[in-house]
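Here is the structure we will look at, set down as C-alpha cells.
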Amino acid sequence: MKILIIILFSVFISLSQQEKVGTNADIKKLDEITIETKDVLNVKGGEKRRPTILPTLSKSDLDSLNSLEKQQSLLLPTSGLPNQIIPNASDRAFVKGQLGRFATVDAEAGYSFAYRNFDIYTIADLEMSDGHLENAGYFNGGLRLISDYVAPEKFWIFGGSKTRTRLDYNRASFNNYSVDNPEDRAIDSVALMMDVDGTYNGFQFYTGVGFDVFDLSTDSSNFADTGLKGYINVVNPYKNWRFSGGANTEIRTGNSQSNNYFEGSGKLAYLSKNIDFIAEGGLQLAQNDNETLFQPQFNLGLVVKSNNDFTISANTGSKLIRNTFANLSRYNPYISWNTFLNHTTENLFVDLNLSYHPYSRFQFRIGSKIALLDNTMNWINSDSSQFSIYYDKATQIKLFVESYYDLNDKNSISLMIENNNVITDSLDNQQTYLPTLKASIDYNSQLFDNFAMNLSLDYVGTRFADIDNKVELDPFVNLNLKFDFAISNNFNLYLVGENLLNQDIYQFNYYRQRGLFFSFGILWKF
1 MKILIIILFS VFISLSQQEK VGTNADIKKL DEITIETKDV LNVKGGEKRR
51 PTILPTLSKS DLDSLNSLEK QQSLLLPTSG LPNQIIPNAS DRAFVKGQLG
101 RFATVDAEAG YSFAYRNFDI YTIADLEMSD GHLENAGYFN GGLRLISDYV
151 APEKFWIFGG SKTRTRLDYN RASFNNYSVD NPEDRAIDSV ALMMDVDGTY
201 NGFQFYTGVG FDVFDLSTDS SNFADTGLKG YINVVNPYKN WRFSGGANTE
251 IRTGNSQSNN YFEGSGKLAY LSKNIDFIAE GGLQLAQNDN ETLFQPQFNL
301 GLVVKSNNDF TISANTGSKL IRNTFANLSR YNPYISWNTF LNHTTENLFV
351 DLNLSYHPYS RFQFRIGSKI ALLDNTMNWI NSDSSQFSIY YDKATQIKLF
401 VESYYDLNDK NSISLMIENN NVITDSLDNQ QTYLPTLKAS IDYNSQLFDN
451 FAMNLSLDYV GTRFADIDNK VELDPFVNLN LKFDFAISNN FNLYLVGENL
501 LNQDIYQFNY YRQRGLFFSF GILWKF
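Under my numbering, the first residue of the sequence shown is numbered 1, with each subsequent residue one higher.
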C-alpha cells in the first residue's frame, strides 16, 4: 500500500509539472478515446476474439481485470467478439452491473473528464463469487487511471508529442481449491507506465519508461517480482522506405534473484502496392543468476500481393521469447512460487501464408509454421495444487485455416481450425496442455436495430498434463450464447449463457472450471 501511495503521489507531481508548461491555445487535441467496457464473452479459459487476420475492433484502453475463472488461456481458439457495448464519444461515464450463477457479482464504473491540458480516464471494477465448487470462491478488483497530454509546439523535439501516463492496480484473492485443505493465495500488482509518441524533423519516435511491482502471497510463502523498464524506437520514413532502430531493456528482481533483459535492433522495410519487404537484425540478452543468454535476432519477411484476390507472405527468423514470473502467474495463477524461470528461444522459424480476399467482406487464409525451439515450457504438477515448468528442446509443426465472411451489414461468421504439434526432443512427446486440434465457429447477428446476438462454438482436443503423455485431459465442446438489447442510446440489457452443454472443462489438471453458467446485466452510459 505504501508503494501505491508513492506511485500516486509521483503521478500527481508529474501531471502538475507538465500542466505548467502550456496553455490551451498551444495544445493539439488528442483523438477522442471512449471508455470501453469489458463486455466480452469470456469462457473460463479464454477471451473470445476474432482471428488475427480479421479487422480488429477498437482496443480497450481501460479493460478490466479478468477473473480467475477467465484467465487468458492458450487452450481455447480465438474467435469473434460479440457486438461490444461501447459508449459514444459524448458519453463520459458508465456504470455496469452483472449478476450470475454461483452468486457471481461483476461490476464496473468508469469516468472521463478534461482538466486543463489533460484528458483523464478512470475505471474501477470488482468481481466476486462463491464459486462453482467448495473453496472455489474468489475476489478480483482493479483500479486504472490514464492521462493524455499533448506537448505545445514550443518544446524542442517534444513539441506536439502525445504523452500517455497509465497507472494500474489489481488484486486477486483465491484458493487452491483442488485439494481438501486449500491455502489462501493473493496477487497484488501495481504498474506505472509513461509513453511518448512524436515526430521531429521527419523522424517518428516512440519512447517510454515504467516500473511494476508484483506480489504473490500464500499461507506458507511470499514472492515479490519487481521490474524497471524502458524503450525507444526511431523511424525515418522516406518514400516507400522505412528505416528504424531501437532498444528495449528491463531490469527485474524476484525474491533477490535477477531476471534482466536487453534488446537492440535495426530494421529496413520497403512497402509498395505489390510487394512488401522487411529485414531486421539485432541482439537479445537475457540474464538470470544461473546464466546469460545471447540470442542473435533476425527477421526476413516478404509479402507479395499478386492481384486483388491473393496475397502470399513468407517470414523467417530467430528470436528469444521473454518470460517473467508475473506474466506466467497471470496465465497460471496456481504456479509454484519457486518455479525456475528460463526463456524460450525460437532458433529458427519459417511462416508461410496464402490469403484469398476477392472482396472486403470475405477472407480466407491457410498457413503453416515450422520452428526449432529451445526451453519450450511444459506445465507439470509440482503437487496436486501447484504447477512448475519443465523445459525441453522441441520441434513445432503448425497448420491452420482462418476465414471470415460478412454475410451482410447485420450478419457475420468466422471460422478457425488449427493443428499444432510441438514435440519435445528428449521424450518425443507432445508439449503439455497443448491440444493437437482445436476449432472455433463464431456467428454475430444484428437481429433488429436494438437487438444483437452472438453464438460461438469451440472445440478443444485432447491435451496431456504430464511430460510422459500418460495423464490425458478429455476434449470438450464449449457453446456460448449472448443477447444484447439496447433500450435506449444510453441503457443496455444483456443476457449471457456460457458452457451451455455443461462440459467438464479443465484448463489445468485437477482444476475443473465452472459448468453451465447464466448471467444477467445492465449498462448505463451517461
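From the three backbone atoms N, C-alpha and C, an ideal C-beta is built for every residue, glycine too. Owing to the predicted nature of the structure, the values given are computational and were not obtained by experimental measurement.
- Query: Can you name the residues that DSSP bridges to residue 321?
  - Reply: Taking the first residue of the sequence shown as position 1, residue 321 is located at position 321. Residue 321 is bridged to 344.
- Give a yes or no on whether the C-beta atoms belonging to residue 463 and residue 406 are separated by under 8 Å. Working through the sequence shown from its first residue, we reach residue 463 at position 463. Working through the sequence shown from its first residue, we reach residue 406 at position 406. No; because the gap between Cβ atoms is not below 8 Å, this pair is not in contact.
- Query: Under three-state DSSP, which class holds residue 469?
  - Reply: As a first step, residue 469 is located in the sequence shown; it is residue number 469 there, counting from the start. It is coil, neither helix nor strand.
- So what does DSSP say about residue 103, is it helix, strand or coil? Position 103 of the sequence shown, counting from 1, holds the residue named residue 103. DSSP places residue 103 in coil when its eight states are reduced to three.
- May I ask you to report which of helix, strand or coil DSSP gives residue 328? Looking up residue 328 in the sequence shown gives position 328. DSSP places residue 328 in the helix class (H, G or I) of the three-state scheme.
- Task: Measure the Cβ-Cβ separation of residue 521 and residue 96 and say whether it is below 8 Å.
- Result: The residue given as residue 521 occupies position 521 in the sequence shown. The residue given as residue 96 occupies position 96 in the sequence shown. Cβ atoms of residue 521 and residue 96: closer than 8 Å.
- In chain order, which continuous runs of the alpha helix (DSSP H) of length 4 or greater are located wholly inside the region 220-248? Fully enclosed alpha helix (DSSP H) runs of no fewer than 4 residues are not present anywhere in the region 220-248.
- Under 8 Å between the Cβ atoms of residue 196 and residue 213? Along the sequence shown, one-based indexing puts residue 196 at 196. Along the sequence shown, one-based indexing puts residue 213 at 213. For residue 196 and residue 213, no; Cβs fall outside 8 Å.
- Message: I need the straight-line Cα distance from residue 518 to residue 498, nearest angstrom please.
- Response: Taking the sequence shown and counting its residues from 1, one reaches residue 518 at position 518. Taking the sequence shown and counting its residues from 1, one reaches residue 498 at position 498. Each residue's Cα considered, the two are about 6 Å apart.
- Would you call the region 319-335 and the region 278-298 in contact, with 3 or more CB pairs under 8 Å? Three or more Cβ pairs drawn from the region 319-335 and the region 278-298 lie within less than 8 Å of each other, which places the two stretches in contact.
- Taking the alpha-carbon positions, what's the residue 105 to residue 131 distance? Here the question's residue 105 lines up with position 105 in the sequence shown. Here the question's residue 131 lines up with position 131 in the sequence shown. Taking the straight line joining both Cα atoms gives about 11 Å.
- Task: Specify whether the region 426-444 and the region 392-401 touch according to this definition: at least 3 beta carbon pairs, one from each stretch, less than 8 Å apart.
- Result: Yes, they touch.
- Check each candidate in 101, 174, 164, 168 and name the one with the smallest Cα separation from residue 137. Here residue 137 corresponds to residue number 137 of the sequence shown, with the count starting at 1. Ranking the options by Cα distance to residue 137, first place goes to 174.
- Quick one: residues in its chain with C-beta nearer than 8 Å to the C-beta of residue 450, no 5 flanking neighbours on either side, listed in chain order? Residue numbering aside, residue 450 sits at position 450 when the sequence shown is read from its first letter. Around residue 450: 485, 486, 487.
- Message: Report the start-end ranges of each alpha helix (DSSP H) in the region 412-456 that is 4 residues or longer and not cut off at the edges.
- Response: Taking only runs of at least 4 residues, no alpha helix (DSSP H) segment lies wholly in the region 412-456.
- Message: Mapping the DSSP letters down to three states, classify residue 525 as helix, strand or coil.
- Response: Within the sequence shown, numbered from 1, the residue matching residue 525 stands at position 525. Strand.
- Message: According to DSSP, is residue 510 part of a helix, a strand, or is it coil?
- Response: Numbered from its first residue, the sequence shown carries residue 510 at position 510. Coil, per DSSP.
- Item | Exposed unless 16 or more other CB atoms sit within 10 angstroms - verdict on residue 433 | On the sequence shown, position 433 is the one that residue 433 refers to. By the neighbour-count rule (16 or more Cβ atoms within 10 Å), residue 433 is buried.
- Closest by C-alpha distance to residue 263, when choosing among 256, 298, 236, 276: Counting from 1 along the sequence shown, the entry for residue 263 is found at position 263. Of the listed residues, the one whose Cα sits closest to residue 263 is 298.
- Message: Below 8 Å, how does it come out for the region 374-382 and the region 490-506: are there three or more Cβ pairs, yes or no?
- Response: With the cut-off at 8 Å, the region 374-382 and the region 490-506 do not touch.
- Where does residue 379 land, buried or exposed, given buried means 16+ other C-beta within 10 angstroms? For the purposes of this step, residue 379 is taken as the residue at position 379 of the sequence shown. Label assigned to residue 379: buried.
- How would you call residue 435, buried or exposed, if buried means at least 16 neighbouring beta carbons within 10 angstroms? Locating residue 435 in the sequence shown gives position 435, where the first residue counts as 1. Answer is buried; the Cβ neighbour count reaches 16.
- Helix, strand or coil at residue 85 according to DSSP, with G and I counted as helix: Here residue 85 is taken as the residue at index 85 of the sequence shown, counted from 1. Because the pLDDT at residue 85 is just 35, under 50, the model does not fix this residue reliably, and the point stays unresolved.
- Task: Tell me whether the beta-carbon of residue 176 lies closer than 8 Å to the beta-carbon of residue 223.
- Result: By 1-based counting over the sequence shown, the position of residue 176 is 176. By 1-based counting over the sequence shown, the position of residue 223 is 223. Against a cut-off of 8 Å, the Cβ pair of residue 223 and residue 176 comes out as no contact.
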